[in-house]
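As numbered in our numbering, the sequence shown has no gaps in its residue numbers, which increase by one up to the final residue, 226.
Using N, Cα and C, we set each Cβ at its ideal position, and we do this for glycine too.
Working notes, beginning with the structure itself.
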Amino acid sequence: YMWNYPNKSTLILRVTLVLILLVIYFRESPAPAFACTPPPGGLLSYSVADHVNAAPIVLEGVVIATTGPYYPEAANIQVVQYLKGNGPSIINVRGYGPSSVCLSSVSVGDHLLFYVGSDQNGYYAFYLSQFDAVASADSQTITEAAAASGQQPVYLYPPGPILTQVALGQGD
């Protein structure tokens, strides 16, 4: 039946194109696709004080490196100050990633307030809801976090030189 096709060259061309498309399709590895769905009723809104009261560790810092091609990523953070708790001057925190999987996204050079927990495996991003393991490191947010922590901040480094060093490293 197939060879009784009125125009054999058209048939051969079509079959060849289909085969080429199939080869291309199966050679390319599909990229993972994710979707983050808000909970019924929408996301709850938590204040800076809510986050500080719930998180074991709250720090201001600058992301100096990230690891992990997909989620969850870990971030090396140069600590500017601990607003609640304490720890090393450079802390490795796991549990960041794209918003498509409901995580907080971080990139090298980000100057943020980080909500952090710890367990036997090290430090992890502390979430109360979706996307909220970090906050802006603006003066108002830092002031609110410091007031809520009930602890005198443990100041380690000014952010300016860290950000300069990161920017110089990215230019390589």
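Counting only unbroken stretches of 3 or more residues, the beta strand (DSSP E) elements lying wholly within the stretch 158-199 are 165-173, 176-179 and 188-190, in sequence order. Ranked by Cα distance from SER190, the options TYR178, ASP173 and PHE168 are led by PHE168.
Non-local C-beta neighbours of PRO212 in its own chain, meaning closer than 8 Å and more than five positions away in sequence, comprise VAL134, ordered along the chain. Under a 10 Å Cβ-count criterion, ASP192 is classified as exposed, with fewer than 16 other Cβ atoms of the shown protein chains found around its own Cβ.
For VAL116, no alpha helix (DSSP H) run applies; the uninterrupted beta strand (DSSP E) run containing it begins and ends at 111-121, by DSSP.
LEU113 counts as buried, since no fewer than 16 other beta carbons sit within 10 angstroms of its beta carbon. Distance from the Cα of VAL147 is smallest, within the candidate group SER154, GLN184, VAL188 and LYS138, for VAL188. By the beta-carbon neighbour count (other beta carbons within 10 angstroms, threshold 16), VAL69 is exposed. Note: ASN130 is bridge-paired with ALA119 and ASN146 in the DSSP secondary-structure output.
Distance from the Cα of THR121 is smallest, within the candidate group SER159, GLY204 and GLY214, for SER159.
By the neighbour-count criterion, in which a residue is buried when 16 or more other Cβ atoms sit within 10 angstroms of its Cβ, GLY223 is exposed. Secondary structure note for VAL155: it is in no alpha helix (DSSP H), with a DSSP letter that is neither H nor E.
Around the Cβ of ASP164, a 10 Å sphere holds 16 or more other Cβ atoms; the residue is buried. Within the model, the alpha-carbon separation for ASN130 versus LYS138 is close to 18 Å. One alpha carbon belongs to ILE144, the other to GLN132, and they sit about 5 Å apart.
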